[in-house]
Structures are given as structure tokens and as C-alpha cells.
Amino acid sequence: MALYLDANATEPLRPEARAAVIRALDLVGNPSSVHGAGRAARRVLETARDQVAARFGASPAEVVFTSGGTEANAIAIAALSRGRRVLAGATEHPAVLAAAPGATLLPVLADGTLDLAALDAALAGGPAALVCLMAANNETGVLHPLAEAASLCRAHGALLHVDGVQAAGRVALAIGQADSLAISGHKLGGPKGAGALLLRPGIDLPALIAGGGQERGRRGGTEALPAIAGLGAAAEAADPAAAARLAPLRDAIEAGAEAAVAGAGAPRLPNTTSLVLPGVAAETQVIALDLAGVQVSAGSACSSGKVRASHVLAAMGLGAAAGSAIRVSLPWDAPPDTAERFLAAWSAMRARLSRKAMAGAT
Amino acid sequence: MRILVAMSGGVDSSVVAALMKEAGHEVIGATLQLYDHGAAVQKKGACCAGQDIHDARRVADALDIPHYVLDREARFRAAVIDDFAATYARGETPIPCVRCNQTVKFQDLVEMALDLGCEAMATGHYARRVEGPDGAELHRAVDPARDQSYFLFATTRDQLDFARFPLGDMPDKAAVRAVAERLGLAVAQKPDSQDICFVPEGRYDRLVAKLRPETAEAGEIVDLSGQVLGRHEGIGRFTVGQGRGIGVGGTQERLFVAAIDAPRRRVVVGPRAALPQAEVVAGEVNWLSTPPEGPVAVQVKLRGREQPRAAVMRWDAAATLLRVTLEEPNIAAPGQACVVYDGDRVLAGGFLRAASSAMGAIDRDGAAA
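This is the structure:
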């Protein structure tokens, strides 16, 4: 049985989400229909909206369902960047960086957290801005100082869009002082295919796809009801207090691996660690561990599946070591012996590659 | 045993993976991403991975073996594409498949296989690895029309020891396709790959001109005595032995490229009969046998598409050069491989150096001018 430690790519499906999806699959109605079947479908849709709104501190009226985190980020940036320049953290996810190709990148400190002084200077030095920041980094789990960043944005009249995809369900996350917040269903333990954009009341979101005016005219197209029902149930079930139990497992992995940990000193997600083994390509580590039945990842996988050097670790100043880090991300249902099993595979791999690892360390 | 199979997505390496799996080995499939396919065909929005990677993944999935795509774009660019352009800039003719085998495939991929605890690496090359008294030997494939031993001459003995070429004993390509059909592989009828993989449209001179602009600088076309016959649009379009597209009219006899003088951007042409040389020299020599003390009667191949021809080889150990006397003079294009055979076995190989006689003519002319 393989040990799945790639939750930041996709969390295993939560039983509550599975049940909600299966129930919704048998609902024949379209949420926009007038009749009873339509109303039954609408009820499921609005329940999911309430569940998402409740988990992330938003008004249900300001929850827009999307196809996932990428779409939520993209439509938020398209809407909020009108007439504004865009500032984005250097370690943002490609979903954000690709949606704001002209963005000015904000540096991070060596521990991966946002350089607040640089944000302050960037905001002071130009016209109205949209700032895009991730709550938690997908590769390192490092948490940005969002409250401080939000204060700076408010002081300078800037809008703030938060990519909450990785933080959702793992640490306390709310729209708070931000103007928009993107989340993804399958990172919460829901099915793939649904996400949401949460908005501060008063933010105007013109539809990129107008369609039949669904989602209050903000996102056309019949809602993907089963996936949305699963997202709602997953949001309700994904309690950050429960995720905190993963921290000791992560700490045991870090202690036993005897490797450098990217962002070690920063506040981080309880489930994510970025282990650096200098001199050994991340690609080799990921493949070797896979063959040993341990599933982890490295960098950002392109659709071809090849492993690229991490722009996140490069932005943290890791240099050549940026190509030698793997991401271990514990799922919500990680078994208690996770650390022991990971470390057994890790140690075997390390022993075989020790010559290279030593060469890389010098 | 655990064995890495280099899978290109073509029918040959797909059959290799299937045969290894059928033989009961623990097969790991690896496909190299060597260049950005979308950029190569200049199609906006195309995936960085081409159809071949997709096919390799599908075959591996059908065989139920783990499969990995390895990003070697930077390495391939430096070791193969840049070398390709630099060779043209030197006035020589590159042989990128040898460079790719020598670096990306048999150096990097073997290293990866060792890192993953593999005991061997199999490829879809048509060649035979034969256990000899002094270790693994490289032999020609059973099918002379498919033999790729020429392109594998630079494989080191350690790499050869680790390598497996299951297709070397196949009677012909039809037999390989028949195996693919029998195993139900979706790529059974896929056409063979053509030409140079990273120049899919066949216009290699544009790529070379982009990387090394000096290869597209105009220069003179001269005859063997140094007399100017015309102008050319860049040495990157010429190869020694070439008889087409020279662009010098009005001569009685058809002219061929005899030599390329890169520093002076000159293309030297002459009648076909003036091109063959009896003595050729090769450097960067790789030995797959014990170097002999004195002259040895052998057979030699100077280009991919010709059968080995009789010659006498001498190893100049002091200069680390292969000196070969051809029984029948032959055209030798600098930069191409000179591979030495004893029957089916590859003894050694190297890269052809510019002929001293032709260059001597230019030198005398240059000195006189």
C-alpha cells in the first residue's frame, strides 16, 4: 500500500464530501428550474454556499462557485485589477502569476515570508494597486503575514486578493480584511472540479462567461452541483483544529530526515515540509521514493509531469539547492505511522545516493 | 531485475519496454523531454510535451509500468543543440544523435538508472551487446538496414556494460512492428521518426543561424586553386561532399563542396573526383576494444548510411588520434564519425578531423594572397 504524502496536490476525499457528492448525483433538477426538482437542486447549492461562507467568514451572497482555485484566482484578478497595477508575491502559485502577467513581484525574506517593508515601499511608490498574496505557500507551507499586509493595503488604498487554496482547512482562514479570497474544493478534501471565490460585500465581479446569469450574474453556466455539494461538505468538515494534529507528524519527519527544511523558521502549515537534499535532483528523489511506495512531489509539475526547478525556493535564495527540494504534504487522514514509513524510504534512498549528497554538500 | 527503459514514444522503445516486462523484469519507463515541442514547431499554445511523450505515457500505462518524464531541456540545449551550431560554425558537419547518446542518454540516463537502483538500462537502438572475454562488446545489428552501432560508438565500456539493446537481434523492422501488434501496443503502426528531432521542419540552417549568426554571413566560393567562383549566404548551409545548392553556374563539371574554411568564411569546391581521400584522421576517440600497437586491417564507416569498407587503422597514442588508410578513397566530412569495425564488432570510433591536404591547398593560397 503506497503512502500518499502529496495532499497539497490533492487531499484525499473526505467521507462527508463523498456522501454529499453521491446524494447530489441523483438529483435530476437544475438549480435554475422553477419546479420541485429545481428547488431541490437549489437547496443543495445554497447549503453548500452557506457551508463555504461559514467556514471562511463571508456572507453567503458573496460566495461565487467556480471550477476550482485557478478560475477563482483568475476571475478575481481580472476584475480587481481594472485600472490598477498588480503587485504579487514572488512565491505565488502559477495560477496567480499567469493571471497577472504584468505584475510586479514582491520579494520574500529568506524564510519565505513576505518582505513587508518591500510591500510598503511598492505601495507608496505608485498609483492604485491590487496586491495578490497567498495565505500559505503550496511548496513550503510558509504563511504570509496577511493581517499586516492587509493593514498596509488599506493604508495605501490598495485592494488585496488572497489565494487561500492551501491554507483552507489547515489553518484558520477568513476573508477578513481582504477584498477577495480564492479556495479550491479538492485541496479541502472535496472532489476536483469545484472552487469558490469569496468577495467583500460591494466588490463588483463582472462575469467572464455571462451565460444564463447564474451566481448572481457573476459566473454563467449550470452549476456543477455534485462537485459543489462535495466542496460545501468538505469545507464544513475541514476543521483547522483537527489539522493541527498533523504538526507532530511533520516535526517527526523533519527531525528524522536530518535535512535542511525550507522556511523552517517561519509560521507554516501543520502538514507541509520542504526537505532539501543538496546535490541530489528533486526529480531523482521523487522517483526513487515513488518506486519505494512513498508519493511526494517537487516544484510545480507541468502538465507533462516533468519536474521543474522551484521558483519558490529560488525566491527564498536557495540557489542551486532549489532544484534539490521535495515537498512532503500530509493528508488530513495521515496514518499515525506516517513518519516511520516515510523515514524508512527516505533513509534507504539517502544511503544509495549518499555519495552524491555528500558531493553536493561540499 | 529492475531495469530502466528509455522510452521515446516510438514503436521501437515501446516494444523494448513490452519485451522487458514480458520477460518478467521490473520495468521503469523514462522519457526525456529534450526540447520545447511547441517552440520547435512554432505553434503558440502547444504543450511543451509533444505527441511522443503522450504516446510513451500511454504505452507505459497499457503495460502497467511506472513512467517518468525527465526534463533535460537545458542539458540537451548545451550538450547537443549548442554543439550542433558550434560544429557548423567551425565549418564541420555535426552528428547530433551521437552527442545525444553520448551525453543525455548514456551518461545522464544511466546515472539516473543507477540512482534508482536499476541493474541495467535498455534502449530501442538497433545494435547488439555481446558478452566477450573482456567484457561487453558492441556489435552491428542483425538487420544491416537498421544498424545503429555507428551512432553508439562513443558509449563508454562501463555504459555499454550497463546497456541492453533487445532489438539488435530482430531480423527487420517488420518483425518489431509485428511484436507491437501482438502485444497490442497503440504505436504499432506509428511512422519512423525523421531527420533531426529538434528541427521538425527540416530547416536546420535557420536554427543554426539564430544560435551562431556567423554561420549565415556571406562569403566566397572558391575552387581548389583558390580562384573565386561566386558568393554564398553562409557556411552553415554547406557540408563536405554536398553537390546540390552550391549556386555556382557556368562550370563545365558539376561542383561539390571539398572543404569549408570557417575563419575566412570560404567554401572550397571542386569536381567530384577531387574529393575522396585515402587518409583520414579522427579525434575524441572512444575505444571499445584494446588499442592495438601497430597497424590493423579493419573496416571503417565514415557516415551513417554506408556499409563498412576495408581500411588499415593505426592508433597514434601520443596524439590520441585514429589514423586510417582507406583501401578505396572516400569522402570524409569533418565532424562526422569515423567508426572502426572488425566484422560486426565496433572496435573504436572518433570524430573526423578536417583533411590536411585540402586545408593545405587553402593555406598555401591564403599565404600567397
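Taken in sequence, the protein lines are chains A and B. Per full-length UniProt numbering, numbering of the first sequence is gapless, rising by one per residue and ending at 362. Per full-length UniProt numbering, numbering of the second sequence is gapless, rising by one per residue and ending at 369. Glycine included, each C-beta is placed from N, C-alpha and C at the ideal position.
- It is roughly 9 Å from the alpha-carbon of proline 60 (chain A) to the alpha-carbon of threonine 47 (chain A).
- Spanning the alpha carbons of valine 296 (chain A) and alanine 180 (chain B) requires a straight line of approximately 33 Å.
- Leucine 211 (chain B) is not a Cβ neighbour of alanine 79 (chain B), given a cutoff of 7 Å.
- Under the three-state reduction of DSSP output, glutamine 277 (chain B) falls in the strand class.
- Methionine 1 (chain A) carries a coil assignment under DSSP once its states are collapsed to helix, strand and coil.
- With 16 or more neighbouring CB atoms inside 10 Å of its own CB, glycine 232 (chain A) falls in the buried class.
- With a contact defined as Cβ atoms closer than 8 Å, alanine 128 (chain A) and glycine 83 (chain A) qualify at about 7 Å.
- Arginine 268 (chain A) and valine 142 (chain A) have their C-alpha atoms spaced approximately 4 Å apart.
- With a cutoff of 7 Å on beta-carbon distance, glycine 241 (chain B) and tyrosine 88 (chain B) are scored as not near each other.
- Taking C-beta separations shorter than 6 Å and ignoring five residues to either side along the sequence, the partners of threonine 104 (chain A) in its chain run Leu87, following chain order.
- Using a Cβ distance threshold of 7 Å, methionine 134 (chain A) and aspartate 111 (chain A) do not count as a contacting pair.
- For valine 59 (chain B), the enclosing alpha helix (DSSP H) has its first and last residue at 51-63.
- In the displayed model, aspartate 111 (chain A) falls within coil according to three-state DSSP, outside both helix and strand.
- In this structure the segment 70-82 of chain A touches the segment 198-209 of chain A; the number of beta carbon pairs closer than 8 Å is three or more.
- Residue state for aspartate 71 (chain B) is assigned as strand, using DSSP reduced to three classes.
- Beta-bridge analysis with DSSP links leucine 288 (chain B) to no other residue.
- The continuous alpha helix (DSSP H) containing histidine 311 (chain A) extends over residues 311-315.
- The Cβ of leucine 32 (chain B) sits no closer than 7 Å to any Cβ of chain A.
- Under a 10 Å Cβ-count criterion, glycine 36 (chain A) is classified as exposed, with fewer than 16 other Cβ atoms of the shown protein chains found around its own Cβ.
- Two segments are said to touch when three or more pairs of C-beta atoms, one from each, lie closer than 8 Å; by this definition the segment 119-129 of chain B touches the segment 157-164 of chain B.
- Under the Cβ distance rule, isoleucine 228 (chain A) does not count among the residues neighbouring chain B, no pair being separated by less than 7 Å.
- The beta strand (DSSP E) runs lying completely inside the segment 70-105 of chain A and spanning 3 residues or more are 85-89, given in chain order.
- Near chain A, meaning a CB-to-CB distance below 7 Å, the residues of the segment 102-123 of chain B are Met112, Asp115, Leu116 and Gly117.
- Residues of the segment 62-95 of chain B that bring their beta carbon within less than 7 Å of a beta carbon in chain A comprise Pro66, Tyr68, Val69, Leu70 and Asp71, in sequence order.
- Sequence-distant Cβ neighbours of serine 151 (chain A) in its own chain, meaning closer than 8 Å and more than five residues away, are Gln177.
- Contacts with chain B (Cβ-Cβ distance below 7 Å) from the segment 332-355 of chain A involve Arg352 and Leu353, listed in chain order.
- Against chain A, the beta carbon of isoleucine 28 (chain B) has neighbours under 9 Å at Ile287 and Leu291, listed in chain order.
- For the segment 51-79 of chain A, the set of positions with a beta-carbon nearer than 8 Å to some beta-carbon of chain B is empty.
- The straight-line gap separating the alpha-carbon atoms of glycine 185 (chain A) and glycine 220 (chain A) is approximately 19 Å.
- Counting C-beta pairs with one atom in each stretch, the segment 335-355 of chain B and the segment 287-297 of chain B have three or more that are closer than 8 Å, which means they touch.
- Within the segment 290-359 of chain B, the complete beta strand (DSSP E) segments at least 3 residues long are 296-301, 309-316, 321-330, 337-342 and 345-352, listed from N- to C-terminus.
- Threonine 155 (chain B) is classed as buried because its beta carbon has at least 16 other beta carbons within 10 Å across all chains shown.
- Here proline 329 (chain B) has Pro276, Gln277 and Ala278 as same chain residues with Cβ atoms under 7 Å from its own Cβ, once five neighbours each way along the sequence are excluded.
- Within the segment 151-209 of chain A, the runs of beta strand (DSSP E) at least 3 residues long that lie entirely inside it are, in chain order, 159-163, 180-184 and 195-199.
- Here glycine 219 (chain B) is bridged, per DSSP, to B:His232.
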